[in-house]
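Peer 1: Residue numbering for the sequence shown follows the working numbering, starting at 441 and increasing by one per position.
Note that CB positions come from ideal geometry on N, CA and C, so glycine has one too.
Bear in mind the structure is a predicted one, so any value in this text is a computation, not a measurement.
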Amino acid sequence: MNNELLKVNIIFKDLKFFSASKVGSGDKSLCLILYNALKKRKDIEVYFNEDCASNNFDIIHIHSVNSKVFSIIKNANTSNIVITAHIIPETIEGSSWFDKIWKPFFTIHLKRIYNQAKLVIAVSPYTKQKLEELHLKPKIVYIPNGIDRDIFKPDPKVRSYMREKYKLDDKDIVILSVGQTIKRKGFDSFVKVAKSLPQYKFFWIGGIPFSFLSSGYSEVKRVQASPPPNLFLPGPQPHEEIYKFYNMADIFFF
441 MNNELLKVNI IFKDLKFFSA SKVGSGDKSL CLILYNALKK RKDIEVYFNE
491 DCASNNFDII HIHSVNSKVF SIIKNANTSN IVITAHIIPE TIEGSSWFDK
541 IWKPFFTIHL KRIYNQAKLV IAVSPYTKQK LEELHLKPKI VYIPNGIDRD
591 IFKPDPKVRS YMREKYKLDD KDIVILSVGQ TIKRKGFDSF VKVAKSLPQY
641 KFFWIGGIPF SFLSSGYSEV KRVQASPPPN LFLPGPQPHE EIYKFYNMAD
691 IFFF
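Put into structure tokens, the structure is as follows:
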């Protein structure tokens, strides 16, 4: 390994059939947060989506389950492969209308990918439990996702700007949720609550991951076409814009 700087290559490859990934992706945002955090360290030389075959990295940190991962690992010049598991077999339950058919094959695919690693990072205790049930070969550790507190912090100017942009009064109570616009993420419940509390403003930030293959697609499209007056649906947003919505909001709906 490099005696001076630890060379780390962070890899993220979009699943191209995810329509929401074209604009905004929570997993990609987390990769960028990690990348920016490591850039501040003096003992690490960090890269993002660099060619693993033509460079000698000490660690390759993968955040994808794209099939391209196999060729990336095969051509890598190191065996120090770390994979952060953002996705488990249960992730697809309720995400698409064919999830019950797809899940067994997707489980095999995930196991093949995660078994390529020397270390697998679980982003929650639940994820760690489910990964352990797969009887993977590598060690599994729990490390929660981080946030950049230099960006995600109260900013009165941003709050005022966003409220002016959406024609909101300073006294309006804004309730925010961020995630894929599907039933599994609670979008249907969010809409019901918005209808029952017309005195509040509701914002849902996110896109439909599998387009017309998503579970409840027609219902989501109906809401998008004619939302309640107090429900705002700006769609998926770039990583650099998300913090503005958090600044605008008063309550986070999780």
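1) Output yes or no for whether 8 Å exceeds the beta carbon distance between residue 682 and residue 504.
2) Which same chain residues, not among the five before or five after residue 585, have their C-beta less than 7 Å away from its C-beta?
3) Taking 8 Å as the threshold (C-beta atoms), are residue 678 and residue 646 in contact?
4) Kindly confirm or deny that the segment 610–618 and the segment 492–504 touch, where touching means at least three C-beta pairs closer than 8 Å.
5) Residues in its own chain within less than 6 Å of residue 595 by CB, not counting five upstream and five downstream?
6) When DSSP builds the beta bridges, which residues end up paired with residue 644?
7) Return the Cβ separation of residue 578 and residue 551 in integer angstroms, given the expectation that the two are a contact with Cβ distance under 8 Å.
8) Note down, in chain order, each residue of its chain lying with its Cβ closer than 7 Å to the Cβ of residue 567, except the 5 sequence neighbours on either side.
9) Given a threshold of 16 other Cβ atoms within 10 Å of its Cβ, counted over all protein chains shown, does residue 493 qualify as buried or as exposed?
10) Can you grab the Cα-Cα spacing for the pair residue 487 / residue 637, in whole Å?
11) For residue 620, count neighbouring C-beta atoms within 10 Å of its own C-beta (all shown protein chains included) and say buried if the count is 16 or more, exposed if not.
12) In the DSSP assignment, find the unbroken beta strand (DSSP E) run with residue 524 in it and report its ends.
13) For residue 475, which residues from the same chain have a beta carbon less than 7 Å from its beta carbon, with the 5 sequence-adjacent residues on both sides left out?
14) Specify, as a first and last residue, the run of the beta strand (DSSP E) that residue 580 falls within.
15) Output yes or no for whether 8 Å exceeds the beta carbon distance between residue 633 and residue 663.
16) According to DSSP, is residue 691 part of a helix, a strand, or is it coil?
17) So, under 8 Å CB-CB, residue 508 and residue 543 are touching, yes? Tell me the CB distance rounded to an integer number of Å.
18) Looking at the structure shown, is residue 670 part of a helix, part of a strand, or coil, going by DSSP?
19) Please classify residue 461 as buried or exposed, where buried requires at least 16 other C-beta atoms within 10 Å of its C-beta.
20) Would you check if the distance between the CB atom of residue 616 and the CB atom of residue 693 is smaller than 8 Å?
Peer 2: Taking the coordinates as given:
1) Against the sequence shown, residue 682 aligns to sequence position 242. Against the sequence shown, residue 504 aligns to sequence position 64. Going by C-beta atoms, residue 682 is not nearer than 8 Å to residue 504.
2) For the purposes of this step, residue 585 is taken as residue 145 along the sequence shown, with counting starting at 1. So the list reads 470, 563, once near-sequence residues are dropped.
3) Residue numbering aside, residue 646 sits at position 206 when the sequence shown is read from its first letter. Residue numbering aside, residue 678 sits at position 238 when the sequence shown is read from its first letter. No, they are not a contact pair.
4) no
5) Counted from its first residue, the sequence shown places residue 595 at position 155. These residues qualify, in order along the chain: 687.
6) Position 204 of the sequence shown, counted from the start, is the residue given in the question as residue 644. According to DSSP, which records beta bridges pairwise, residue 644 is partnered with 617.
7) As a position in the sequence shown, residue 578 is number 138, starting the count at 1. As a position in the sequence shown, residue 551 is number 111, starting the count at 1. Not a contact, Cβ separation roughly 11 Å.
8) The count along the sequence shown starts at 1 and reaches residue 567 at position 127. Hits under 7 Å: 525, 528.
9) Working through the sequence shown from its first residue, we reach residue 493 at position 53. The residue is exposed, with fewer than 16 neighbouring Cβ atoms inside 10 Å.
10) Taking the first residue of the sequence shown as position 1, residue 487 is located at position 47. Taking the first residue of the sequence shown as position 1, residue 637 is located at position 197. Approximately 46 Å, taken between the alpha carbons.
11) Taking the sequence shown and counting its residues from 1, the one referred to as residue 620 is at position 180. With 16 or more Cβ atoms within 10 Å of its Cβ, residue 620 is classed as buried.
12) Taking the first residue of the sequence shown as 1, we reach residue 524 at position 84. Residue 524 -> beta strand (DSSP E) spans 521–525.
13) The sequence position of residue 475 within the sequence shown is 35, counting from 1. Around residue 475: 450, 486, 488.
14) For the purposes of this step, residue 580 is identified with residue 140 of the sequence shown, where counting begins at 1. Segment 579–582, the beta strand (DSSP E) holding residue 580.
15) Your numbering for residue 633 matches position 193 in the sequence shown. Your numbering for residue 663 matches position 223 in the sequence shown. Against a cut-off of 8 Å, the Cβ pair of residue 663 and residue 633 comes out as no contact.
16) In the sequence shown, counting from the first residue as 1, residue 691 sits at position 251. Note: residue 691 maps to strand in three-state DSSP.
17) Locating residue 508 in the sequence shown gives position 68, where the first residue counts as 1. Locating residue 543 in the sequence shown gives position 103, where the first residue counts as 1. Wrong, their Cβ atoms sit about 22 Å apart, outside the cutoff.
18) Mapped onto the sequence shown, residue 670 falls at position 230. Looking at residue 670 - three-state DSSP - the assignment turns out to be coil, as it is neither helix nor strand.
19) As a first step, residue 461 must be located in the sequence shown, where it is residue number 21. Model confidence at residue 461 stands at a pLDDT of 45, short of 50, so the residue's coordinates are unreliable; what they give is reported in the following sentence. Label assigned to residue 461: buried.
20) Locating residue 616 in the sequence shown gives position 176, counting from the first residue. Locating residue 693 in the sequence shown gives position 253, counting from the first residue. In contact: residue 616 and residue 693 (Cβ atoms closer than 8 Å).
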